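**Q** Each residue of the first sequence is one higher than the last, beginning at 671 in my numbering.
Got a structure here, written out as C-alpha cells. Questions coming.
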Amino acid sequence: MLQSKLFCKAKKTAPKDAEAISHQYLARADFIEQSMSGVYRFLPLGFRVLKKIEEIIRREMIELGAQELYLPVFQNKNLWLETKRWETFDPPLFKIKDRHQKETALGSTHEEEITDIFRKRIKSYQDFPLYLFQIQNKFRNEMRFSGGLMRVREFLMKDLYSFHSSEEDLIKFYEKVKKSYFKIFKKCGLKPICVEASSGTIGGDLSHEFMVPCSIGEDRVLICKNCGFAANIEKIGEIKDCPKCKSQLEKNSCIEIGHVFNLGTKYTKAMNAEYLDKSGKNHFPLMGCYGIGLHRLVATIVETNHDEKGIIWPEQVAPFDVHLIQVEDNAKVRKGAEGIYRDLQKKGIEVLYDDRGKSAGEKFAEADLIGLPLRIVVSERTLKNNCAEVKNRNKKEAKMIKVKELAKFLC
RNA sequence: CGGGGCAUGGUGUAAUGGUAGCACGAGUCCUUUGGGAGGAUUUAGUUCCAGUUCGAGUCUGGAUGCCCCGACCA
C-alpha cells in the first residue's frame, strides 16, 4: 500500500476528550473515528487490525471443531420472553419498534437464537457435542460508554456456543476453550490471567474471565502470588487471604477481554430443547458460551503495547508487516524503495510504503505512531552501500541489510 | 438512572456585551528531506431554539451533544 494513497492521515493531536491512551493513539494514527458516544468507525488501518484478530480467532475456533454461522442482529421478542430475559432488561437490550408497533431488539448476545436453532434440528444423543460460533456485531444498551473502545454500545464479538450430553463432556470442552483463549490472546500480544467470576446476567453455575492487568481496567481482581489463585472481587468480595493457601492476596485493576460460561441447562430448559438418549429418554442438554469482545481487545492491545511515541503492534495483529520509508524524494532513492516494495510484496509481506514528499522527521514520527513491527528506511546514505536500514519498532538499534538480501532476511 | 463538567474551522485554542483571531491540519505551486522543514496561495468556525440588548461567541431560559465519577459489561 502506498502511503500517499492511504485514506488514514496521522494527526499530531488527539481529540481533547480522549483520555485513554489507546483512544488517543488509535485516533491520532487514524485507525478509528468516533461517530457518537460509544460508537466508533473503523477506518482502513483499524479495520485491517480487526480483520487480523478476527482471523486469529476464527482459526482457533475451527481448530476446536466449531462451525461458523451468522445470526441476525434483529432478535425475536418471543424467544426472549421464553427465557424471561425480555423484561429484566439484562443484558441491556436495545428495544425497537417497527412501523406496525411490533417490538423487536438488537442482539446483545445470542443464547436465545442459538438455542432456538438447536432445538429445531437436534433430537438425538448422536448429534452431540455441537459447537457453533459467529463473529458479529453486538449492541448493548449500557448505562454509560467510556474509554474510547473500552466500553461501547456497538462492538464486534466472537461468540461460541457448545451443546453437550454430559457434564463431563462440557467441562472437558470448557477447559479446551480456555486453552484456546490463551493461544488467541498470546497471538494478540496479551498475557491475561484466568479468574473465577460471577456469571452475572448470562447465568449458569460457573464462569471464568480473562483479565489483562492494566491501570485503566474497570475490574478488580484478587491474585495470590503464592498458589496462583485469582478471582474477581465481585465474586468473592474484599477478602484479604487466599482461600486456597491463606497467603496474602494482591489487588489488581484489570480489563476483561474474554468470558466463558458454563450455562448448564438454563437455556435448554427455559426453551424446552430436548434430545433423546440411547434408551429413548428425554434430556435437557448442557450448554456453554464463550465470548471475546474484539473492539475492547484492540484497545487492550494498544493499552499494553505502546511507548511515548505511539503504538507497538504485536506482529500478528499489525495492519501491515513492514513500514518502508524513503528519505529524500529523488529518482535514485525512489527506484531503490520501489524495488524493495515489489520484492517484499512478492514474498507475501504486507508493506506500507511511505512514498510521500514529507520531511524525514515527520515520516519517522508517523511511523512510530502507527507502530508497524518493522521499519525499513531507504535513503542516499543507505543506498551508497547498497543497503537499507531495518529497525524493529520495539528496539532502539537498527541494522544495515543489503537490499538484495532483504526479502530473505525478513522471511 | 443518579452526580459533576464542557460545547468556537477537520484538530487544539483566543476574543471587558462592540471587526470572530491564532496555530496545526487540509488543497495547489516552488524550495527542502536521517527525527514533526521554509516560502507563496487557498480553504474552513461560534451546537440548536427562544429571550434580554442599539448590538450576543460572551448574559438568561430551554433543547441537544460530548466527557468524567457511581452501578452494569466483552
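Cβ coordinates follow ideal geometry from the N, Cα and C atoms, glycine included.
Just so you know, these numbers come straight off a predicted model, no measurement behind them.
1) Quick check: S692 and G818, are their CB atoms within less than 8 Å of each other?
2) Taking the alpha-carbon positions, what's the N1064 to E1036 distance?
3) What number of angstroms, rounded off, separates the C-alpha of K686 from the C-alpha of Y960?
4) Going by C-alpha to C-alpha distance, which of K808, C884, Q704 and G735 sits closest to V743?
5) If you run the structure through DSSP and keep just helix, strand and coil, what is N896?
6) Quick check on this structure: which residue in A900, N952, S877 and N942 has the alpha carbon closest to the alpha carbon of C924?
7) Here's the rule: buried if 16 or more other CB atoms are within 10 angstroms of the residue's CB, otherwise exposed. What is G777?
8) Nearest to Y937 by alpha carbon, out of S885, D839, K948 and G958?
9) Tell me whether the beta-carbon of H965 lies closer than 8 Å to the beta-carbon of L826.
10) Would you grab the beta carbon distance between R890 and I903 for me? Rounded to a whole angstrom, and I think it's under 8 Å.
11) For T970, collect the residues of the same chain with a Cβ closer than 6 Å to its Cβ; drop the 5 residues on either side in sequence, then sort them by chain order.
12) Going by DSSP, name the residue or residues bridged to F798.
13) Please state the DSSP three-state secondary structure of P762.
14) If you check the beta carbons only, do H929 and E866 fall under 8 Å apart?
15) By the 10 Å Cβ neighbour count, where 16 or more other Cβ atoms means buried, how is E730 classified, buried or exposed?
16) Just verifying my parser: in three-state terms, what is the DSSP assignment at H693?
17) Determine whether the beta carbon atoms of Y945 and Y795 lie at a separation below 8 Å.
18) Is it a yes or a no for the region 993-1005 touching the region 1046-1063, going by three-plus beta-carbon pairs under 8 Å?
19) If I follow the unbroken beta strand (DSSP E) through S923, where does it start and stop?
20) What do you get for M706, buried or exposed, if any count of 16 or more other CB atoms within 10 angstroms of its CB means buried?
21) Are the CB atoms of E738 and F803 nearer to each other than 8 Å?
22) Please classify L933 as buried or exposed, where buried requires at least 16 neighbouring CB atoms within 10 angstroms.
**A** In short:
1) Counted from its first residue, the first sequence places residue 692 at position 22. Counted from its first residue, the first sequence places residue 818 at position 148. Yes.
2) Walking along the first sequence from the start, residue 1064 turns up at place 394. Walking along the first sequence from the start, residue 1036 turns up at place 366. One alpha carbon belongs to N1064, the other to E1036, and they sit about 15 Å apart.
3) On the first sequence, position 16 is the one that residue 686 refers to. On the first sequence, position 290 is the one that residue 960 refers to. The alpha-carbon atoms of K686 and Y960 are separated by roughly 36 Å.
4) Position 73 of the first sequence, counting from 1, holds the residue named residue 743. For V743, the closest of K808, C884, Q704 and G735 by C-alpha to C-alpha distance is K808.
5) Here the question's residue 896 lines up with position 226 in the first sequence. In the structure shown, N896 sits in coil (DSSP, three-state: anything other than H, G, I, E or B).
6) On the first sequence, residue 924 is found 254 positions in, with the first residue counted as 1. The shortest CA-to-CA distance from C924 to any of A900, N952, S877 and N942 is the one to A900.
7) Counted from its first residue, the first sequence places residue 777 at position 107. It is buried - the Cβ of G777 has at least 16 other Cβ atoms within 10 Å.
8) Here residue 937 corresponds to residue number 267 of the first sequence, with the count starting at 1. Minimum Cα distance to Y937 is reached at G958.
9) Here residue 965 refers to the residue found at position 295 when the first sequence is read from its first residue. Here residue 826 refers to the residue found at position 156 when the first sequence is read from its first residue. Yes, these two residues count as a Cβ contact at 8 Å.
10) What you label residue 890 is simply residue 220 of the first sequence in a count that begins at 1. What you label residue 903 is simply residue 233 of the first sequence in a count that begins at 1. Confirmed, about 4 Å.
11) Reading the first sequence from its first residue, position 300 is the one you call residue 970. Setting aside the 5 residues that flank it on each side, T970 is surrounded in the same chain by V882, I925 and I927, each with a C-beta closer than 6 Å to its C-beta; the list follows chain order.
12) In the first sequence, the residue the question calls residue 798 occupies position 128. Beta-bridge pairing links F798 to no other residue.
13) Taking the first sequence and counting its residues from 1, the one referred to as residue 762 is at position 92. Here P762 sits in coil by DSSP.
14) If you number the first sequence from 1, residue 929 lands on position 259. If you number the first sequence from 1, residue 866 lands on position 196. Going by C-beta atoms, H929 is not nearer than 8 Å to E866.
15) The count along the first sequence starts at 1 and reaches residue 730 at position 60. In summary, E730 is buried, with 16 or more beta-carbon neighbours lying within 10 Å of its beta-carbon over all protein chains present.
16) Translated into the one-based positions of the first sequence, residue 693 becomes position 23. Helix.
17) For the purposes of this step, residue 945 is taken as residue 275 along the first sequence, with counting starting at 1. For the purposes of this step, residue 795 is taken as residue 125 along the first sequence, with counting starting at 1. Closer than 8 Å, so yes.
18) Counting C-beta pairs with one atom in each stretch, the region 993-1005 and the region 1046-1063 have three or more that are closer than 8 Å, which means they touch.
19) Along the first sequence, one-based indexing puts residue 923 at 253. Residue range L919 to G934 is occupied by the beta strand (DSSP E) that includes S923.
20) Residue numbering aside, residue 706 sits at position 36 when the first sequence is read from its first letter. Counting Cβ neighbours within 10 Å, M706 comes out exposed, since fewer than 16 surround it.
21) As a working mapping, residue 738 is identified with position 68 in the first sequence. As a working mapping, residue 803 is identified with position 133 in the first sequence. Yes, these two residues count as a Cβ contact at 8 Å.
22) Locating residue 933 in the first sequence gives position 263, counting from the first residue. It is buried - the Cβ of L933 has at least 16 other Cβ atoms within 10 Å.
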